[in-house]
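Asker:
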Amino acid sequence: GRETVTSALKKPLVPASLNLSEYFKQFLFPQNECELHDFRLSFSQLKWDNWIVAPHRYNPRYCKGECPRAVGHRYGSPVHTMVQNIIYEKQLDSSVPRPSCVPAKYSPLSVLTIEPDGSIAYKEYEDMIATKCTCR
Amino acid sequence: SLASRGGAQMAASAELEPEAEPWSWLQPPDGRDRSGLLPPLFKVLCDGQGGLPRLQPDSRALRYMKRLYKAYATKEGIPKSNRSHLYNTVRLFTPHIQHKEQASVDQVTGPVPSVDLLFNLDRVTAVEHLLKSVLLYTFNTSASFPSAAQCVCHLVLREPESSASKTPPRAPRSGTFTAPFELKKKYKWVEVDVTALLQPLVASDKRSVHVSVAFTCVKDKLQRPSVQDSPFNLVRPSLLLYLNDTSAQAHHRWYSLHYKRSPSQVPDQRGLPACPVGEEAAQRVRSPRHRR
Numbered sequence: 018g019r020e021t022v023t024s025a026l027k028k029p030l031v032p033a034s035l036n037l038s039e040y041f042k043q044f045l046f047p048q049n050e051c052e053l054h055d056f057r058l059s060f061s062q063l064k065w066d067n068w069i070v071a072p073h074r075y076n077p078r079y080c081k082g083e084c085p086r087a088v089g090h091r092y093g094s095p096v097h098t099m100v101q102n103i104i105y106e107k108q109l110d111s112s113v114p115r116p117s118c119v120p121a122k123y124s125p126l127s128v129l130t131i132e133p134d135g136s137i138a139y140k141e142y143e144d145m146i147a148t149k150c151t152c153r
Numbered sequence: 015s016l017a018s019r020g021g022a023q024m025a026a027s028a029e030l031e032p033e034a035e036p037w038s039w040l041q042p043p044d045g046r047d048r049s050g051l052l053p054p055l056f057k058v059l060c061d062g063q064g065g066l067p068r069l070q071p072d073s074r075a076l077r078y079m080k081r082l083y084k085a086y087a088t089k090e091g092i093p094k095s096n097r098s099h100l101y102n103t104v105r106l107f108t109p110h111i112q113h114k115e116q117a118s119v120d121q122v123t124g125p126v127p128s129v130d131l132l133f134n135l136d137r138v139t140a141v142e143h144l145l146k147s148v149l150l151y152t153f154n155t156s157a158s159f160p161s162a163a164q165c166v167c168h169l170v171l172r173e174p175e176s177s178a179s180k181t182p183p184r185a186p187r188s189g190t191f192t193a194p195f196e197l198k199k200k201y202k203w204v205e206v207d208v209t210a211l212l213q214p215l216v217a218s219d220k221r222s223v224h225v226s227v228a229f230t231c232v233k234d235k236l237q238r239p240s241v242q243d244s245p246f247n248l249v250r251p252s253l254l255l256y257l258n259d260t261s262a263q264a265h266h267r268w269y270s271l272h273y274k275r276s277p278s279q280v281p282d283q284r285g286l287p288a289c290p291v292g293e294e295a296a297q298r299v300r301s302p303r304h305r306r
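Chains as they are written, first to last, in our numbering: chain A, 18 to 153; chain B, 15 to 306.
1) In the DSSP output, which residue or residues are listed as bridge partners for A:Tyr142?
2) Can you pull the chain B neighbours of A:Arg74, defined as C-beta to C-beta under 9 Å?
3) Got a sec? Which residues, its chain only, sit under 7 Å from A:Glu50 by beta carbon, not counting five neighbours each side?
4) Please classify A:Asn36 as buried or exposed, where buried requires at least 16 other C-beta atoms within 10 Å of its C-beta.
5) Based on Cα-Cα distance, which residue from B:Leu100, B:Asp72, B:Leu82 lies nearest to B:Ala264?
6) For chain A, is any of its Cβ atoms less than 8 Å away from the one on B:Arg137?
7) With H, G and I counted as helix, E and B as strand and the rest as coil, what does DSSP make of A:Ala71?
8) Once you ignore the five residues that flank A:Leu58 on each side, which residues in its own chain have a CB closer than 6 Å to its CB?
9) Report the option in B:Arg172, B:Gln164, B:Thr88, B:Cys231 whose CA atom is closest to the CA atom of B:Ser222.
10) Go ahead and pull the three-state DSSP assignment for B:Pro93.
11) Does the pairing of the region 127 to 142 of chain B with the region 225 to 234 of chain B give three or more beta-carbon distances under 8 Å?
12) Over the uninterrupted alpha helix (DSSP H) stretch that includes A:Pro26, give me the two end residues.
13) On a CA-only basis, which of A:Val22, A:Arg19, A:Phe56, A:Glu39 is nearest A:Ile146? Give me that one, please.
14) Along chain A, in chain order, which residues have C-beta atoms closer than 8 Å to that of B:Thr108?
15) Measuring alpha carbon to alpha carbon, tell me which residue in A:Thr23, A:Leu126, A:Val128, A:Cys118 is nearest A:Cys80.
16) Going by alpha carbons, who is nearest to A:Trp65 out of A:Thr130, A:Leu26, A:Glu141?
17) Check B:Ala140 in the structure and name its three-state DSSP category.
18) Classify A:Glu143 as buried or exposed, calling it buried when 16 or more other Cβ atoms lie within 10 Å of its own Cβ.
19) Based on the DSSP output, what are the partners of A:Ile65 in its beta bridges?
20) When the Cα atoms are used, what is the spatial distance from B:Leu82 to B:Leu144?
21) According to a CB-to-CB cut-off of less than 8 Å, which residues of the region 98 to 132 of chain A neighbour chain B?
22) To the nearest angstrom, how far is the alpha carbon of A:Gly135 from that of A:Ala71?
23) Does the distance from the C-beta atom of B:Ser147 to that of B:Val104 stay below 8 Å?
24) Kindly list, in the order they appear in chain A, the residues whose Cβ is closer than 8 Å to that of B:Thr103.
25) Determine the direct distance from the alpha carbon of A:Ile69 to that of B:Leu169, and round the result to whole angstroms.
26) Say whether chain A places a C-beta atom closer than 8 Å to the C-beta of B:Asn96.
27) From what residue to what residue does the beta strand (DSSP E) around A:Val113 run?
28) Give the range of the alpha helix (DSSP H) segment to which B:Asn258 is assigned.
29) Starting from B:Ala85, trace the alpha helix (DSSP H) in both directions and tell me its first and last residue.
30) So the candidates are B:Val141, B:Pro93, B:Ser252, B:Arg250; which of them puts its Cα closest to the Cα of A:Ser127?
31) Does the beta-carbon of B:Glu142 have 16 or more other beta-carbons within 10 angstroms, so that it is buried, or is it exposed?
32) Between the C-alpha atoms of A:Cys150 and A:Ala138, what's the straight-line distance to the nearest angstrom?
33) Expressed to the nearest angstrom, what Euclidean distance is found between the alpha-carbon atoms of B:Asp72 and B:Phe107?
34) At the level of alpha carbons, what is the spacing between B:Lys84 and B:Lys202?
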């Protein structure tokens with residue numbers, strides 16, 4: 018295989034037209050990767066401000082973006098996600114989708130509401146605000 | 015093939031009920047309406063019943079609850095973690111009926127006029143366990159009153175009048191309940207702890223509480239206790255219930271507090287027991303030695 022190795026070494030690593038900084042940029046700053054986004058909602062938009070007294074603004078946040086190959090160390094994804102990514106990239110089966118960008122952790126929300134009988138309730142609900150994303 | 019058959023069944027059932035609301039798919043297949051299982055917030059999120067007509071709450075009560083909210087949560091609605099108590103629900107009820115009547119004679123102060131209050135606790139759900147309850151008084155600011163006074167609150171629990179009942183009303187179960195408290199000019203609110211009186215009622219799923227309230231106050235040590243049904247014109251009280259909602263949708267503070275301290279013990283989603291018991295706890299004790 019010595020001939021093949023030497024011939025491979027002779028090939029230019031990077032196409033002459035593309036300069037190095039552009040070439041490396043695609044690895045250093047991947048575009049629209051999976052990450053957390055804000056979505057500030059006011060209950061008056063939903064016309065619920067007649068029964069939800071507080072908070073005035075609610076930011077449930079959401080996860081959006083593409084799942085890169087190196088999902089392991091960045092998103093704490095299980096090995097299954099990398100396997101699914103490889104199946105998707107090599108198109109071994111067209112029905113297998115790319116891994117999805119979904120919330121991994123949440124925080125609670127405190128709500129002050131007026132009940133139909135006129136009583137007032139302060140309640141803390143679990144899992145109402147996404148705080149971390151992952152690829153699955 | 016199993017999955018495809020399941021999918022076909024799902025598709026078939028969807029064709030059968032084209033108008034079904036998406037959230038109704040969460041309902042159990044037997045069709046019985048168990049909307050009580052859904053927390054109120056989730057119910058509204060699904061079927062947009064936020065527009066239901068609502069009785070307007072008492073403005074003083076609303077002001078108190080807004081202050082409580084600011085003390086417990088940030089502007090974005092995140093519960094403040096500097097609180098150690100275990101309740102994740104606070105409910106405030108204003109009384110429906112109140113009328114004055116002569117109550118029992120008190121050996122110290124003679125006839126004690128009292129005020130009758132009726133609270134409707136329909137909104138308390140079976141999964142909400144009572145931790146503390148107080149009668150919340152505020153002052154009628156126009157009334158003049160001394161800088162401080164020692165008071166005692168006398169409560170008598172009454173069976174709610176049910177017109178349909180044939181049996182003569184039983185004698186009111188006297189809540190041999192006296193709650194001392196101090197009135198001070200600088201306090202805007204006075205809380206009279208009635209937990210011991212209400213605990214059995216809320217635990218037995220009682221839907222309404224009928225109670226007569228009277229006060230005896232002493233402005234200074236020398237004076238005889240004077241009888242008032244509402245000293246210094248206290249405004250009619252609200253009933254505050256501090257509850258621990260045990261449903262899965264409610265935020266359980268003790269849980270996050272416990273697992274925040276020892277990240278290695280964060281339970282994985284397969285539902286490890288909430289608190290380490292027996293072998294696991296012993297194992298944890300052993301692990302430091304193992305690490306050494």
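No residue lacks a Cβ here, since even glycine has one placed at the ideal position from N, Cα and C.
Answerer: The answer reads as follows:
1) If you number the first sequence from 1, residue 142 of chain A lands on position 125. Partner residues in the beta bridge of A:Tyr142, as assigned by DSSP, are A:Leu126, B:Ala264.
2) Numbered from 1 along the first sequence, position 57 holds the residue referred to as residue 74 of chain A. By Cβ distance, chain B contributes Lys89, Glu90, Gly91.
3) Numbered from its first residue, the first sequence carries residue 50 of chain A at position 33. Correct list, in chain order: Gly82, Glu83, Pro85.
4) In the first sequence, residue 36 of chain A corresponds to position 19, counting from 1. By the 16-neighbour rule on beta-carbons within 10 angstroms, A:Asn36 is exposed.
5) Your numbering for residue 264 of chain B matches position 250 in the second sequence. For B:Ala264, the closest of B:Leu100, B:Asp72, B:Leu82 by C-alpha to C-alpha distance is B:Leu100.
6) Residue mapping note: residue 137 of chain B aligns to position 123 of the second sequence, counting from 1. The C-beta of B:Arg137 comes closer than 8 Å to at least one C-beta of chain A.
7) Numbered from 1 along the first sequence, position 54 holds the residue referred to as residue 71 of chain A. Note: A:Ala71 maps to strand in three-state DSSP.
8) Indexing the first sequence from 1 puts residue 58 of chain A at position 41. Closer than 6 Å at the Cβ level, and outside the excluded window around A:Leu58, lie Tyr75.
9) Along the second sequence, one-based indexing puts residue 222 of chain B at 208. Ranking B:Arg172, B:Gln164, B:Thr88, B:Cys231 by Cα distance to B:Ser222 puts B:Arg172 first.
10) Residue numbering aside, residue 93 of chain B sits at position 79 when the second sequence is read from its first letter. In this structure, B:Pro93 counts as strand in the three-state DSSP scheme.
11) Counting Cβ pairs under 8 Å, three or more are found: they touch.
12) For the purposes of this step, residue 26 of chain A is taken as residue 9 along the first sequence, with counting starting at 1. It should be noted that the sequence gives Leu, not Pro, for residue 26 of chain A. 19 to 27 is the extent of the alpha helix (DSSP H) around A:Leu26.
13) In the first sequence, residue 146 of chain A corresponds to position 129, counting from 1. The candidate whose alpha carbon is nearest that of A:Ile146 is A:Phe56.
14) Here residue 108 of chain B refers to the residue found at position 94 of the second sequence. Simply Gly135, Ser136.
15) As a first step, residue 80 of chain A must be located in the first sequence, where it is residue number 63. Checked all of A:Thr23, A:Leu126, A:Val128, A:Cys118; the closest Cα to A:Cys80 is A:Cys118.
16) What you label residue 65 of chain A is simply residue 48 of the first sequence in a count that begins at 1. Sorting A:Thr130, A:Leu26, A:Glu141 by C-alpha distance to the C-alpha of A:Trp65 places A:Thr130 at the top.
17) The sequence position of residue 140 of chain B within the second sequence is 126, counting from 1. DSSP places B:Ala140 in coil when its eight states are reduced to three.
18) The sequence position of residue 143 of chain A within the first sequence is 126, counting from 1. A:Glu143 is classed as buried because its beta carbon has at least 16 other beta carbons within 10 Å across all chains shown.
19) Taking the first residue of the first sequence as 1, we reach residue 65 of chain A at position 48. Ile is not the amino acid found at residue 65 of chain A; the sequence shown has Trp there. None, per the DSSP bridge assignment.
20) The residue given as residue 82 of chain B occupies position 68 in the second sequence. The residue given as residue 144 of chain B occupies position 130 in the second sequence. C-alpha separation (whole angstroms): 18 Å.
21) For chain B, the residues of the region 98 to 132 of chain A that bring a beta carbon within less than 8 Å of one of its beta carbons are Ser124, Pro125, Leu126, Ser127, Val128, Leu129, Thr130, Ile131, Glu132, in chain order.
22) Here residue 135 of chain A refers to the residue found at position 118 of the first sequence. Here residue 71 of chain A refers to the residue found at position 54 of the first sequence. If you draw a straight line from the Cα of A:Gly135 to the Cα of A:Ala71, it is about 16 Å long.
23) Residue mapping note: residue 147 of chain B aligns to position 133 of the second sequence, counting from 1. Residue mapping note: residue 104 of chain B aligns to position 90 of the second sequence, counting from 1. Result no, Cβ atoms of B:Ser147 and B:Val104 do not sit closer than 8 Å.
24) Counted from its first residue, the second sequence places residue 103 of chain B at position 89. Neighbours of B:Thr103 on chain A, chain order: Ala138, Tyr139, Lys140, Glu141.
25) The residue you call residue 169 of chain B lines up with position 155 of the second sequence. The residue you call residue 69 of chain A lines up with position 52 of the first sequence. B:Leu169 and A:Ile69 have their C-alpha atoms roughly 34 Å apart.
26) As a first step, residue 96 of chain B must be located in the second sequence, where it is residue number 82. For B:Asn96, the answer is no, since every Cβ of chain A falls outside 8 Å of its Cβ.
27) By one-based count along the first sequence, residue 113 of chain A stands at place 96. DSSP places A:Val113 in no beta strand (DSSP E); its state is neither H nor E.
28) Residue 258 of chain B sits at position 244 when you count from the first residue of the second sequence. Looking at the DSSP string, B:Asn258 is not in any alpha helix (DSSP H); the run it does join, the beta strand (DSSP E), is 252 to 259.
29) Looking up residue 85 of chain B in the second sequence gives position 71. Run containing B:Ala85: 73 to 86, per the alpha helix (DSSP H) assignment.
30) Along the first sequence, read from residue 1 onward, the residue named residue 127 of chain A stands at position 110. Checking every option, the nearest Cα to that of A:Ser127 belongs to B:Pro93.
31) Residue numbering aside, residue 142 of chain B sits at position 128 when the second sequence is read from its first letter. Under this definition B:Glu142 is a buried residue.
32) The residue labelled residue 150 of chain A in the question sits at position 133 within the first sequence. The residue labelled residue 138 of chain A in the question sits at position 121 within the first sequence. In this structure, the alpha-carbon of A:Cys150 lies about 31 Å from that of A:Ala138.
33) Here residue 72 of chain B corresponds to residue number 58 of the second sequence, with the count starting at 1. Here residue 107 of chain B corresponds to residue number 93 of the second sequence, with the count starting at 1. In a straight line, the C-alpha of B:Asp72 is about 9 Å away from that of B:Phe107.
34) Numbered from 1 along the second sequence, position 70 holds the residue referred to as residue 84 of chain B. Numbered from 1 along the second sequence, position 188 holds the residue referred to as residue 202 of chain B. The alpha-carbon of B:Lys84 is positioned some 17 Å away from that of B:Lys202.
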